[in-house]
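Top line first, the protein sequences correspond to chains A and B. Each position in the first sequence, counted from 1, maps to that position plus 25 in the working numbering. Each position in the second sequence, counted from 1, maps to that position plus 1282 in the working numbering. Even for Gly, the Cβ is constructed at its ideal location relative to N, Cα and C. Predicted, not measured: the structure shown is a model, and the values here were computed from it.
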Amino acid sequence: MGRDQRISLLAEFFRQLGEVAFLSSKTFRNLFKRPWEKKIFLQQLEEIGVRTLPVISLTAAFGGLVFALQTYLGFHRYIGPGSEAYGGPIISLGLTKELIPILVGLMAAGRVGSSMAAEIGTMKITEQVDALFTLGADPNRYLVVPRTVAAFLMLPCLTIFGDIIGIICGLIYNVVIMGVNGTVYLRNTLLYLELWDVLTGVLKAGVFGVIIAVIGCWQGLKAEGGAEGVGRATTRTVVIASISILISNFFLSKFLPGNLSL
Amino acid sequence: MIRIIDVRKSFGPKKVLNGVNLEIRTGETMVIIGQSGSGKSVLLKLLIGIMKPDRGEINVDGMNITALRGDELLRATRRFGMLFQAAALFDSMTVAQNVAFGLERYTDLGPDGIRTRVADCLAKVGLSGIEGLMPYELSGGMKKRVGLARAIAYRPEIILYDEPSTGIDPIRADAINELIILLKKEMTVTSVVITHDMVSSYKVADRIALLYEGRIVEIGTPEAIKNSANAVVQQFIHGRAQGPITNW
């Protein structure tokens, strides 16, 4: 790759970053303006929350099971038989702080982000976004704000739900399937899992929600060129949102305090 | 009075509008004709503020539309109604919700008032009783008429028509032309019609302007346009493949 190509790629990257930053700041400013699109907001709460619940349940259940399986193996192999009951807090900590928020984020990027990009992209290429404007509705306030707020609120809810399912499935695997001492497992889990661990994951999920909604709306609003353009916007949303979630997760994990007393 | 003063708009290296000057009088129907891709729709979007020009000014009764931003611009669009080329109906809403959309934002009408106004507007475009249908259940001509009902529902002063007769059969197209004339008479609106359909142009226009190479090159009454000595105008209105536009 030549020097000019590298410079133009870098320029394109910063141009797109600028577009996202502009959309995000406009969305934030519009949060405080009236009228509030309550109907769209409620529809989005349902779309992001209720309709994503089945896929999150399944993901969290199998995420919990496989994490419990590997933790059981690890304790059994390296510490010795009988030590598996100490896996409870590790499973719960890993699930609530990392695995469930990440899984919820990635699943929501695939289901919710892509659907936002496809819906808004179709509206854009069929001039429905322009029609909104001519009929007195600011497209950002009508399309982006309710989706962003709904995703910010619903992803934490989905994460809490996923945490519960994941922890229960981890417990079922260890106690019911592998015969680990249930009392010790539960006592250890409750003793070592702190509220802040759960809150860290919930906070991350809120950030992921904003990332998914902003990227989905951004890609939808810049879609052009017919059905192919909508397809491209949808694919880009999933890729960009997933990568952004993974990168931001590292930084959030790094910079959020390990516990509240720190 | 709408004044378009030296408006320029480019997309990348392509200059679409290159110094458009045009005056549209209050209450008249101005038809802007031109080839596909000549920038007619862009001009319409600049007029209503969907796009911003690179240079120039658009004045509506002394108010500079191009200088307005945010909520000010949204308030100014209250004066405009727009019929889009493919109607642009909101496909997740019923016909009634589509027509009521602008009413809910631009007027103080209550639910009953909105219901009555929606029924009136649908009756005006000859589509009474279809309030509960979804856009996908409508034919192309019906969609355009619902789009028109939506555009006139809040009684705008200026109506913009983007290719009103494109994509529908000649009989439906003529029905739309009749509606444009009727609305002008009943609501005394200023109309700006973008089209390349000369039959429609002659029927609805008070004046016709030809947009060519990013500029208005001819303007006049339908009669004056028919008798124009400009070779570009003659090639366009007669739809000849050979002439100065195509350089053949």
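Worksheet item: What's the C-alpha gap between G1423(B) and P1417(B)?
Response: Each residue's alpha carbon lies about 11 Å from the other.
Practice prompt. Express the C-alpha separation of L78(A) and I189(A) in angstroms, rounding to a whole number.
Written response: Spanning the alpha carbons of I189(A) and L78(A) requires a straight line of approximately 13 Å.
Item to complete: Could you tell me which uninterrupted alpha helix (DSSP H) segments, each at least 4 residues in length, are contained entirely in the region 1435-1480 of chain B, listed from first to last along the chain?
Response: You should have 1452-1469.
Worksheet item: Below 8 Å between beta carbons: does that hold for I1315(B) and L1328(B)?
Response: In this structure, the beta-carbon distance from I1315(B) to L1328(B) does not fall below 8 Å.
Worksheet item: Near D1343(B), what residues of its chain come up, given a Cβ to Cβ distance below 7 Å and the 5 sequence neighbours on each side ignored?
Response: Take D1343(B), set aside five residues on each side of it, and the residues of its chain with a beta-carbon closer than 7 Å to its own are M1283, in chain order.
Worksheet item: In whole angstroms, what separates the C-alpha of L287(A) from that of T151(A)?
Response: Confidence is the limiting factor: at L287(A) the pLDDT is only 47, short of 50, which leaves the residue's position unreliable, though a coordinate-based value still follows. L287(A) and T151(A): Cα-Cα distance of roughly 53 Å.
Item to complete: Mind checking who Y1494(B) pairs with in its DSSP beta bridge?
Response: For Y1494(B), the pairing in a beta bridge is given by DSSP as R1497(B).
Worksheet item: Name the chain A residues that come within less than 7 Å of L1420(B), Cβ to Cβ?
Response: Under the 7 Å cutoff, chain A gives no residues; its nearest Cβ is about 14 Å from L1420(B).
Item to complete: Kindly indicate the opening and closing residues of the beta strand (DSSP E) around L180(A).
Response: In the DSSP annotation of this structure, L180(A) is not part of any beta strand (DSSP E); the continuous alpha helix (DSSP H) holding it starts and ends at V170 to L196.
Discussion item. Taking 8 Å as the threshold (beta carbon to beta carbon), is T1359(B) in contact with chain A?
Written reply: Cβ-Cβ to chain A under 8 Å: yes for T1359(B).
Practice prompt. Specify, as a first and last residue, the run of the beta strand (DSSP E) that N1341(B) falls within.
Written response: From DSSP, the beta strand (DSSP E) with N1341(B) extends over R1337 to V1342.
Fill in: Proximal residues of chain B, C-beta to C-beta of A162(A) below 7 Å
Residues of chain B whose Cβ lies closer than 7 Å to the Cβ of A162(A) are, in chain order, R1387.
Worksheet item: Any idea what DSSP makes of T1389(B), helix, strand or coil?
Response: Note: T1389(B) maps to coil in three-state DSSP.
Practice prompt. Consult DSSP for G241(A) and reduce its assignment to one of helix, strand or coil.
Written response: Residue state, collapsed to three classes: helix.
Item to complete: Name, in chain order, the residues that DSSP records as bridge partners for L1299(B).
Response: Bridge partners of L1299(B): K1291(B).
Discussion item. In this structure, how does DSSP classify M1345(B) when only helix, strand and coil are distinguished?
Written reply: Strand, per DSSP.
Worksheet item: Is R1489(B) helix, strand or coil by DSSP?
Response: R1489(B) sits in a strand when the DSSP states are folded into three classes.
Item to complete: Closer than 6 Å by C-beta to L1325(B): which residues in its own chain qualify, once you throw out the five before and the five after it? Chain order, please.
Response: There are no such residues.
Practice prompt. Kindly say whether K1327(B), judged by its beta-carbon, lies nearer than 8 Å to any beta-carbon of chain A.
Written response: In terms of beta-carbon proximity, K1327(B) lines the interface with chain A, with at least one pair separated by less than 8 Å.
Practice prompt. Kindly list, in the order they appear in chain A, the residues whose Cβ is closer than 8 Å to that of I1332(B).
Written response: By Cβ distance, chain A contributes D155, F158 and T159.
Item to complete: Could you work out which residue in E44(A), G74(A) and I115(A) is closest to R136(A) when comparing CA atoms only?
Response: For the residues E44(A), G74(A) and I115(A), the minimum Cα distance to R136(A) belongs to G74(A).
Worksheet item: Can you list the residues of chain A that A1368(B) reaches, using a CB-CB cut of under 9 Å?
Response: The answer, in chain order, is T151 and E152.
Worksheet item: In whole angstroms, what is the alpha-carbon distance linking R257(A) and P114(A)?
Response: Answer to the nearest angstrom: the Cα atoms are 42 Å apart.
Worksheet item: Do you know how far the Cα of A238(A) is from the Cα of V169(A)?
Response: So the two alpha carbons sit approximately 7 Å from each other.
Discussion item. Quick check on this structure: which residue in R212(A), L178(A) and G112(A) has the alpha carbon closest to the alpha carbon of L67(A)?
Written reply: For the options R212(A), L178(A) and G112(A), the alpha carbon positioned closest to that of L67(A) is the one of L178(A).
Practice prompt. Verify whether the separation of the beta carbon atoms of G1384(B) and R1427(B) is less than 8 Å.
Written response: No, these two residues do not count as a Cβ contact at 8 Å.
Practice prompt. Return no unless some Cβ of chain A is closer than 8 Å to the Cβ of L1350(B).
Written response: Answer no: the Cβ-Cβ gap between L1350(B) and chain A never drops below 8 Å.
Worksheet item: Taking the alpha-carbon positions, what's the S269(A) to A134(A) distance?
Response: Each residue's CA atom was taken as its position, placing S269(A) and A134(A) some 10 Å apart.
Worksheet item: Hey, how far is the Cα of G226(A) from the Cα of L277(A)?
Response: The alpha-carbon atoms of G226(A) and L277(A) are separated by roughly 10 Å.
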